[in-house]
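A.B. asks: Structure below; questions to follow.
8 protein chains.
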Amino acid sequence: MNREDIFKILDELKNDKVSVEDAYQEIKDLPFKDLGFAKIDNHREIRVGYPEVIYCENKTIPQIREIIKFMLTKNNNILATRATKEMFDKVKDLDNKLKYNELGRTITLEVNEIKKTDSYIAIVSAGTSDLAVVEEAKETASILGNKVKVITDVGVAGIHRLYARLDIIREAKVVIVIAGMEGALASVVGGLVDKPIIAVPTSVGYGANFNGLSALLSMLNSCASGVSVVNIDNGFGAAYNASMINQL
Amino acid sequence: MNREDIFKILDELKNDKVSVEDAYQEIKDLPFKDLGFAKIDNHREIRVGYPEVIYCENKTIPQIREIIKFMLTKNNNILATRATKEMFDKVKDLDNKLKYNELGRTITLEVNEIKKTDSYIAIVSAGTSDLAVVEEAKETASILGNKVKVITDVGVAGIHRLYARLDIIREAKVVIVIAGMEGALASVVGGLVDKPIIAVPTSVGYGANFNGLSALLSMLNSCASGVSVVNIDNGFGAAYNASMINQL
Amino acid sequence: MNREDIFKILDELKNDKVSVEDAYQEIKDLPFKDLGFAKIDNHREIRVGYPEVIYCENKTIPQIREIIKFMLTKNNNILATRATKEMFDKVKDLDNKLKYNELGRTITLEVNEIKKTDSYIAIVSAGTSDLAVVEEAKETASILGNKVKVITDVGVAGIHRLYARLDIIREAKVVIVIAGMEGALASVVGGLVDKPIIAVPTSVGYGANFNGLSALLSMLNSCASGVSVVNIDNGFGAAYNASMINQL
Amino acid sequence: MNREDIFKILDELKNDKVSVEDAYQEIKDLPFKDLGFAKIDNHREIRVGYPEVIYCENKTIPQIREIIKFMLTKNNNILATRATKEMFDKVKDLDNKLKYNELGRTITLEVNEIKKTDSYIAIVSAGTSDLAVVEEAKETASILGNKVKVITDVGVAGIHRLYARLDIIREAKVVIVIAGMEGALASVVGGLVDKPIIAVPTSVGYGANFNGLSALLSMLNSCASGVSVVNIDNGFGAAYNASMINQL
Amino acid sequence: MNREDIFKILDELKNDKVSVEDAYQEIKDLPFKDLGFAKIDNHREIRVGYPEVIYCENKTIPQIREIIKFMLTKNNNILATRATKEMFDKVKDLDNKLKYNELGRTITLEVNEIKKTDSYIAIVSAGTSDLAVVEEAKETASILGNKVKVITDVGVAGIHRLYARLDIIREAKVVIVIAGMEGALASVVGGLVDKPIIAVPTSVGYGANFNGLSALLSMLNSCASGVSVVNIDNGFGAAYNASMINQL
Amino acid sequence: MNREDIFKILDELKNDKVSVEDAYQEIKDLPFKDLGFAKIDNHREIRVGYPEVIYCENKTIPQIREIIKFMLTKNNNILATRATKEMFDKVKDLDNKLKYNELGRTITLEVNEIKKTDSYIAIVSAGTSDLAVVEEAKETASILGNKVKVITDVGVAGIHRLYARLDIIREAKVVIVIAGMEGALASVVGGLVDKPIIAVPTSVGYGANFNGLSALLSMLNSCASGVSVVNIDNGFGAAYNASMINQL
Amino acid sequence: MNREDIFKILDELKNDKVSVEDAYQEIKDLPFKDLGFAKIDNHREIRVGYPEVIYCENKTIPQIREIIKFMLTKNNNILATRATKEMFDKVKDLDNKLKYNELGRTITLEVNEIKKTDSYIAIVSAGTSDLAVVEEAKETASILGNKVKVITDVGVAGIHRLYARLDIIREAKVVIVIAGMEGALASVVGGLVDKPIIAVPTSVGYGANFNGLSALLSMLNSCASGVSVVNIDNGFGAAYNASMINQL
Amino acid sequence: MNREDIFKILDELKNDKVSVEDAYQEIKDLPFKDLGFAKIDNHREIRVGYPEVIYCENKTIPQIREIIKFMLTKNNNILATRATKEMFDKVKDLDNKLKYNELGRTITLEVNEIKKTDSYIAIVSAGTSDLAVVEEAKETASILGNKVKVITDVGVAGIHRLYARLDIIREAKVVIVIAGMEGALASVVGGLVDKPIIAVPTSVGYGANFNGLSALLSMLNSCASGVSVVNIDNGFGAAYNASMINQL
């Protein structure tokens, strides 16, 4: 609601085209509209395929069930992350299109067909142990409407495997690199690819890995310039971020 | 260089259209070309305005002088970060177009005029103490060819200042948020803006701030979904990343 | 017991109004009375509705049962925190007015009706995952005799939800802010409200959250001036503190 | 600006008592007023004696000089914290009433006489090494209009010194406890006094003190219930907080 | 075995008072005897009542069973720490005098009656949650032949409880202070008692307690001078140490 | 593949000694051969007895089963580390020569008889609790073709036990020292033995051990010069490293 | 002051043998006497040679000068620790018997001749870099009236140096072990000596030493049973503790 | 000195071929000889070129001067590490062959010509900022008698530079990898080279680098199997270790 909109209402009021009551109704919402909150929300509701996201950790099954039920009334796509198999079993009767990705621990529902982007997000991971995070990222990116290509098991200990897939990575619009242990893959990819890289440290490792601290610090200190980092194991956040970039 | 390219050279050789020497010249670079290293380098050199970057910390003045002298022969733009005033004073005779930003600790040289992007990067910062990082980011983004808009002193303790500038932030293509202390600004901006956000924790603060750890952890744990993070005080890295996204 | 009190006893003794034995009885408790220990205890016992508090973690069920039984003889209100459902099931036969709050893990017993304050404590929380701490704080504040208003799910990622409830928060006498992940809510509320704020970091989160360290550091480094902090997940401590302030 | 205010303007417009332009001027600020930001600011400006606060760390002397000059035009009291002696020497010509507290590193200016509260804040500290934080807290509390009583050098290693001053502490409305090393004083005072306690860990100590971490963790884990904590060495924050409570 | 001893043997040999073989037998053990290893071992074996100690954590039941069986052949007293109830149940058939302390998780066997010291060790603890460590310390000190007096539940939040028992603590020869949370008890006792104090931080607490780190740092930074510290929850180590001092 | 090799192929092609197709086959692998990846792989495959290594942690049983099945087709020796008993039970039907070391959690298969080295690796450990890591190291070193001598239970608290075995340690070609708690054994052995020492900190301990951090830091700070360190509990890595050195 | 004492005064009062005023004077101090604070102080003042201790860190020179001047009036021995050379130069005019130990950074004054104990404290240190802490411990122990024997440079990297001095260490009544880097010396001495050992980690080292954390953790996790630990570099605390034990 | 040696001396004594005094002289050293300490020392003294090593940090110039003077009398080569320029200037008069490496901070003296090994140590480093550590390692390895090849500035951000030098690295007998920031170079080299790798994390970096912690953790968690690690910036230790391996 810009200057013109406000003047228009005031003019209409002055010229008796609207009542004081109606003018008030328009104007009383100014704070929120001006601040754009509604804009975001509208934007979200009208963009077909945009999912509502539920973070299931620390939520009870009745809570999750309630949220999904409510969402189904809004006819939106749904993405639930960090969902256990038990959670899925207790909600799957709500809609027979609900799907569960056991490795990625996601529940998804595609009520509106999602049109995918032409450009794609490359998801690159170091070891088979990082696959849970890969799957969370993949499911997130997909339901957000992105084409995704996944390249796994290309850790730096056998770097030729990475080179063999480098073309696919280079042609992506944005790259997600997922790695545990020492997280060196982010720096290596960052040195080879001229695209924005979102690095996801994983908690894969033991001992001085300190539950992902090792990979996290590595990625934050990457000597390659185009790398930014999200929280440990945060496949969802990386994909959400990558989706924003891919759809610019 | 694909299968066809190689067959073509070999056929030409077999048919005496090229000499063994020439064929060798083509083929000997296979490893590097296939791996794309040269591609990056060429790409970097031909893109007008792309700067060479020197990280001055831990380098001696003679080393920096030597590097700048060499770069001047290549006729490229130059960006040196973490440069002290003394460093600048000892190198400025090399070219009278060398400029120093004291707050941002950058030395820049624009030998080729840089054409700026139409879309812009918004750099948003919390307090006046974060300005050194802001300046490093601004100088980096600028010399990389980006239009930049800077919004400072909009920390969450007086959040109305942020709202007053929200339109400028929302119309950016990508947003850099720079904040020390508790780094809450990244989450707040992340909740209000539907653009990729690159958060830079700064070391501003004391005590339980632990030299920026507080803001770093805050930003990594942001409840807003579109936030990725770079190293503490890494204004350069954020801007480099933002530039990649802004120029997609 | 001040100078006058002591002189009075000594005078009475000198003038044979009291026996040596009685004077001794008065005087022998001097250390404790002067130091005020007894004062506290008396104060606590005579203030109707003041509960005895049991911290159940690391206590065995027989121990807890014993303590509650003893307390019942003193006819005081009771608050037990960090009590499991099993603990409650094993003690509930002791008095049929014992109540259990499963989410907040509290056992309460109101033997004396509690008169509530006119002013109130606002408990503000970021996400549904923080509700356990909210409930502990609410039960504590209530049995300590405070009116309480609870505002949940107003995390900074959707900050308009907070604004919609800001009036209620502003009219409180003291505000408890409960948030996990990056804990930014404390700073944002601190910037909007001119009341003492007691911030409770929660252990909600994962990865670089380090079991609440992220929110704890955020809150300690808050750029808003009126924020003080209690231990991670310490809903009880925050409410105890807020109660002291609310009842000043 | 409530419903009535808005209707009044609209009525005046409808009845041609104000022009469209004037009505617009009133209405365009709705967001801010409704959200109450201005209320805070106004509130702050009209309350006599309320100081503007400048955090000098990381600011240059010209910046500080500029801020003070601007503030002098507003005729407000001034408090600058973390100010070096050099900073003071370079700004003291601006107004001959500017005062410097060398130990507390504060600059203060009392342009409006400050009326002190009847109730007081007790500031209790463990050792002589904590005096810098004590002074910062005392200056802050004073210029915010509070009566203050300071009790120093009552660390737990010689606990009888604390008992000798206990009455003064008990009669305060709110207590600030400042201690370094192991910070045990906060728990001991918390066990003896039934008032809200704001604990300030200091960085006094060495080795496994880790620059105040030891006292910080101690205070956060205090077994006494009424203790909340601010950042290490944050005498200002504690006093600001205590002032809010003292003036409730 | 000093110079004289060696000369004596050599003289005897020279004078044919001992055979080469016998001289060799004396001399071949020089390294060990001179270095004193054997001395320690002999010393340990001949001192009646001195127990062999088994640390059960990370040992399998068959391993523990084997060790106890072997020890029984040596007719020594036995102390096993960190023993689960299951471990005890699986070894108790070995000797019907084996005893289990469930809270302290110790298995003890007194084959030789232990004569207790006249002086005693005072074990002082803060809360009921610290009792497991208290019991481990008490069992250890007892089987090592010390008289022990235990004073529990005298945490600093209700410091008058400590004063009521101070005489007992002061008359001990050495004092063990066991406390979790903020561990302030060690400093307070250290300030009141002129005896060596061995402080044991416990892992009792939550959140910013970080599994005992809080109490550990507190105790290491104690402002009271006579305090030394052992590992978190190490009741055994404290008692072993105290026993050495008590038996000097 | 050097300049001569390439010229030779091209000459042969030019002179019709090879077909274009064959020349292509040779040349297309240039990147990998030049970079040496294939060399490694070939090297690994042709060295009889060299095992493929599977890190089982975070892998599902079907995944492990699949990998072993594939390996069996290659007729190589197999080493799987961090394998649970359940994992072994679910794969042992694949080949009746598969062996399980329960303590070391390794699965091994020796299809090709392994010829052992003449020189040997000494594996020295401090306590019985470190045996799991000892076994992992021993199994790894053995299947990699090394003679191994194991010396256990020679922790520094009873240092004479170490001296009694010093000759065996000194005659090794390389020494692995495995110790938890304070990890002092590495320094002591490092001061007595003039051979490369690979130190393995273990997570054995509690409290301020912080899951092996204590031993890790000890070993990294060893005042003995010949000590290098691998990750906590990484018996495999130490043995792999030692094997490389032993087989130089 | 026990029951009899009080009755006696009251009886005297009743029988007019003392005035009310005098009785009050006796009784008003009850809290302190009963609690024994005065007892400590008296005890300290009458024990000849017992020094007053000044911790100079964070104190200004005028403060230190003031304290020493006051002490000189009490005719007590003086020990000031962490004193810089400049501090000494600015106070040495106060008494020409003031002595400065530059390495140990102590100022001492022996006004009363100190009679030394027969038994002695052994101070054992690892490297020449630890000498500052050795000197602080030695000066402290000496002025507290203990015979001291110092054995330096016996670090575990050349363990034969330790053995050569073992007899002296074994005959001490209590042993202080001072070591930086990995701090292994405490465990080795602890395994060889059957006396109470007070370990002092020093901040000597670099990198993963983390300013003494490495040695601190090592010593806390010592596998030798008789070791307790004081703060990093706390030579004073170790000596104070050892003195208490030596003088039992 | 075995059984036969001892019998021989005893026989000679018995048969009056040696005096008691001489027999004593032989026998009194048994402990040391048996334990082999002397063996090490002798070994060290007779091996030509083996240097005495002085760690200068925390040593005073007079101490260093004294040590070097003493060493000169023994006619050994000398290596002093962590020596400042000032230290060198104050000792260089002692022998005009003393040399200073300013970047590596080493003082060396080659009194005996050192014969170099045929095999060599490769020292590989990531950035120019790591050169100080490179130089320390190079000087150490050289004076220990090793041929050394240094490959610098091959960090993973421009990985083609590494490939261009891979042959030199692969032909080394042992490889030292020196890298700061995220330390990824160790893993990459470890994946490409089948030689023992000693990784040296450097403190180069800022922010979340935490003075080398980032690279340290990376290297300890390396997914490449042949990597062991020394302390941060410990070029000396890595070279000492590599020398042992290179000279096996």
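Chains as they are written, first to last, in the working numbering: chain A, 1 to 248; chain B, 249 to 496; chain C, 497 to 744; chain D, 745 to 992; chain E, 993 to 1240; chain F, 1241 to 1488; chain G, 1489 to 1736; chain H, 1737 to 1984.
Built from N, CA and C at the ideal position, the CB exists for glycine as well.
#1: Cβ of Lys669 of chain C less than 8 angstroms from any chain D Cβ?
#2: Ile989 of chain D to Gly641 of chain C, Cα distance in whole Å?
#3: The alpha helix (DSSP H) that contains Lys761 of chain D, what's its start and end?
#4: Below 8 angstroms on C-beta distance, what does Tyr596 of chain C contact in chain A?
#5: Tell me where the beta strand (DSSP E) around Glu1540 of chain G begins and ends.
#6: Is the separation between the beta-carbon of Ser129 of chain A and that of Val193 of chain A shorter than 8 angstroms?
#7: Let me see if you follow: with CB-CB separation under 8 angstroms, is Gln1983 of chain H close to chain G or not?
#8: If we ignore side chains and look at the alpha-carbon of each, how far apart do Val797 of chain D and Thr825 of chain D end up?
#9: For Lys891 of chain D and Asn1546 of chain G, what's the separation of their Cα atoms in angstroms?
#10: Report all residues from its chain with a CB closer than 6 angstroms to the CB of Ser621 of chain C; omit the five preceding and five following residues, and keep chain order.
#11: Where does the unbroken beta strand (DSSP E) through Val156 of chain A begin, and where does it stop?
#12: Who are the near neighbours of Ala1075 of chain E in its chain, counting only those whose CB is closer than 6 angstroms to its CB and skipping five residues on each side?
#13: Could you check what DSSP says for Ile1483 of chain G in three-state terms: helix, strand or coil?
#14: Name the two residues that bound the continuous beta strand (DSSP E) containing Thr1348 of chain F.
#15: Tell me which same chain residues have a C-beta within less than 6 angstroms of the C-beta of Ala1230 of chain E, skipping the five on either side of it?
#16: Buried or exposed: which applies to Thr1628 of chain G, given that a residue is buried once 16 or more other Cβ atoms fall within 10 Å of its Cβ?
#17: According to the neighbour-count rule (16 or more other Cβ atoms, all chains shown, within 10 Å of its Cβ), is Asn1722 of chain G buried or exposed?
#18: Our contact map puts Met429 of chain B next to Asn705 of chain C with C-beta atoms below 8 angstroms; I'd like the distance itself, whole angstroms only.
#19: What is the rounded straight-line gap between the Cα of Gly1183 of chain E and the Cα of Ile865 of chain D?
#20: Could you check whether Val188 of chain A and Ala1920 of chain H sit closer than 8 angstroms to each other, using their CB atoms as the reference points?
#21: Given Lys841 of chain D, which residues of its chain have a CB within under 8 angstroms of its CB, disregarding the five upstream and five downstream residues?
#22: Just to confirm the assignment, what range does the beta strand (DSSP E) spanning Ser373 of chain B have?
#23: Between the C-alpha atoms of Ala1258 of chain E and Arg1410 of chain F, what's the straight-line distance to the nearest angstrom?
#24: Do you know offhand how far Lys115 of chain A's Cα is from Phe584 of chain C's?
#25: What are the boundary residues of the beta strand (DSSP E) that Ser1220 of chain E is part of?
#26: Here's a check: name, in chain order, each residue in its chain whose Cβ is nearer than 8 angstroms to the Cβ of Val587 of chain C, leaving out the five neighbours to either side.
C.D. replies: Taking the geometry as given:
#1: yes
#2: 19 angstroms
#3: No alpha helix (DSSP H) holds Lys761 of chain D; DSSP gives it neither H nor E.
#4: The premise fails here: Tyr596 of chain C is roughly 16 angstroms from chain A at the closest Cβ pair, so nothing lies under 8 angstroms.
#5: Glu1540 to Tyr1543
#6: no
#7: no
#8: 8 angstroms
#9: C-alpha separation (whole angstroms): 28 angstroms.
#10: Cβ within range, chain order: Val630, Thr648 and Ile674.
#11: Neither: Val156 of chain A is in no beta strand (DSSP E) and is coded neither H nor E.
#12: Cys1048, Arg1097 and Ile1099
#13: Lying before the first or after the last residue shown, residue 1483 of chain G is absent from chain G, which here runs from 1489 to 1736.
#14: Unbroken beta strand (DSSP E) run through Thr1348 of chain F: Thr1346 to Leu1349.
#15: Ala1129, Ile1168, Ile1190, Val1192 and Val1222
#16: buried
#17: Burial state of Asn1722 of chain G is buried, judged by a 10 Å Cβ sphere holding 16 or more other Cβ atoms.
#18: Between Asn705 of chain C and Met429 of chain B the Cβ distance is about 18 angstroms, and since that is not below 8 angstroms, they are no contact.
#19: Straight-line Cα distance between these residues: approximately 27 angstroms.
#20: yes
#21: In the same chain as Lys841 of chain D, and ignoring 5 residues on each side of it, the C-beta atoms closer than 8 angstroms to its own belong to Leu853, Glu854 and Val855, in chain order.
#22: Tyr368 to Ser373
#23: The shown model of chain E, from 993 to 1240, leaves out residue 1258 of chain E, and the question about it has no answer.
#24: 53 angstroms
#25: DSSP places Ser1220 of chain E inside the beta strand (DSSP E), whose first and last residues are Val1219 to Val1221.
#26: Ile557, Ile560, Arg561, Ile564, Leu594 and Ile603
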